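K.L.:
Below you will find the structure I want to go over with you.
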Amino acid sequence: MKRTLMIAALLLMLSLACWACGWRGSATANSQSTQSSATAAGELRFKAPDGWVIEKPSSSMRVAQYKLPKAEGDNEDASLVVYYFGASQGGSAQANIDRWISQMEQSDGAASKDKAKTETTTVNGLQVMTVDVSGTYTAEMAPGSGTFHNNSNWRLRAAVVETPKGNYFVKLVGPAKTVGRWNQAYADYVKSFEFK
0 MKRTLMIAAL LLMLSLACWA CGWRGSATAN SQSTQSSATA AGELRFKAPD
50 GWVIEKPSSS MRVAQYKLPK AEGDNEDASL VVYYFGASQG GSAQANIDRW
100 ISQMEQSDGA ASKDKAKTET TTVNGLQVMT VDVSGTYTAE MAPGSGTFHN
150 NSNWRLRAAV VETPKGNYFV KLVGPAKTVG RWNQAYADYV KSFEFK
């Protein structure tokens, strides 16, 4: 019985880890402007840009969670979440970039991978792989729900930050105009990442 429960718990954790990067949640906002994830080896540090609404992470796999207020004319805010699943958990940088690209569909039927912009850079000594792609956002709404987003004219910007304690996953999604409004703030946010 104990073994069955342990296996069920492990399967649930793996399911949540695979799904979490595709889910947009929200929680109560708090007032801190700097957040970090502590470990014995150091901390990943970053600073939220002015104008972003810091929210309480809605799961233990979320290191930080933000609402980026909508641009005039858009119906929804954008959402940015920083995920950490543990050392050597959550998959490789390339696997996550590919999965995020697959969550966007193109209205002309073209492959999103042909329209996506990817880049690998170094930020404060950390390797960061990024992707920027627009289209119709089609990620699953909840693990195993069988229901999917169908948000046209959305934009996804995401990054995998490689640290000494494993990968962090940064995912920003929302209406294209709103994500564009916060474009420079997002770039500054990624550049603020430090591990010490």
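Residue numbers (numbering that gives the first Met the number 0): 0 to 195. Every residue gets a Cβ at the ideal spot worked out from N, C-alpha and C, and that includes glycine. Nothing here was measured: the structure is a model prediction, and the numbers come from that model.
1) Once you ignore the five residues that flank residue 172 on each side, which residues in its own chain have a CB closer than 7 Å to its CB?
2) So, using beta-carbon positions, are residue 129 and residue 189 closer together than 9 Å?
3) What residue range is occupied by the uninterrupted alpha helix (DSSP H) comprising residue 111?
4) Mind checking whether residue 216 and residue 66 have CB atoms under 9 Å apart?
5) So, is residue 89 buried or exposed, given that buried needs 16 or more other C-beta atoms within 10 angstroms?
6) Does the beta-carbon of residue 186 have 16 or more other beta-carbons within 10 angstroms, so that it is buried, or is it exposed?
7) Can you tell me where the alpha helix (DSSP H) with residue 177 in it begins and where it stops?
8) Identify the residues that DSSP records as bridge partners of residue 165: which are they?
9) Taking the alpha helix (DSSP H) that residue 94 belongs to, which residues open and close that run?
10) Could you check whether residue 81 and residue 61 sit closer than 9 Å to each other, using their CB atoms as the reference points?
11) Can you pull the DSSP bridge partners for residue 136?
12) Taking 9 Å as the cut-off, decide whether the C-beta atoms of residue 192 and residue 44 are in contact.
13) By a C-beta neighbour count over all protein chains shown, 10 Å radius and 16 as the cutoff for buried, is residue 58 buried or exposed?
14) Go ahead and label residue 110 buried or exposed: buried means 16 or more other beta carbons lie within 10 angstroms of its beta carbon, across all protein chains shown.
15) For a quick check, are the C-beta atoms of residue 162 and residue 75 less than 9 Å apart?
16) Whole-angstrom Cβ separation of residue 41 and residue 194, contact assumed at under 8 Å?
P.N.:
On the basis of the data shown:
1) Counting only Cβ-Cβ distances below 7 Å, and skipping sequence neighbours, we find 23, 77, 78, 136, 153 and 155.
2) Yes.
3) Counting along the chain, the alpha helix (DSSP H) containing residue 111 begins and ends at 111 to 114.
4) As shown, the chain starts at 0 and ends at 195. That puts residue 216 outside it, with no answer to give.
5) Only buried fits residue 89, as 16 or more other CB atoms lie within 10 angstroms of its CB.
6) Burial check for residue 186: the Cβ neighbour count within 10 Å stays below 16, so the residue is exposed.
7) Counting along the chain, the alpha helix (DSSP H) containing residue 177 begins and ends at 175 to 180.
8) For residue 165, which the question treats as bridged, DSSP gives the partners 162.
9) Per DSSP, residue 94 belongs to the alpha helix (DSSP H) from 92 to 101.
10) Against a cut-off of 9 Å, the Cβ pair of residue 81 and residue 61 comes out as a contact.
11) According to DSSP, residue 136 shares a beta bridge with 103 and 150.
12) Yes.
13) It counts as exposed.
14) Residue 110 is exposed by the Cβ-count criterion.
15) No, Cβ-Cβ distance for residue 162 and residue 75 is not below 9 Å.
16) With a Cβ gap of about 5 Å, residue 41 and residue 194 count as contacting.
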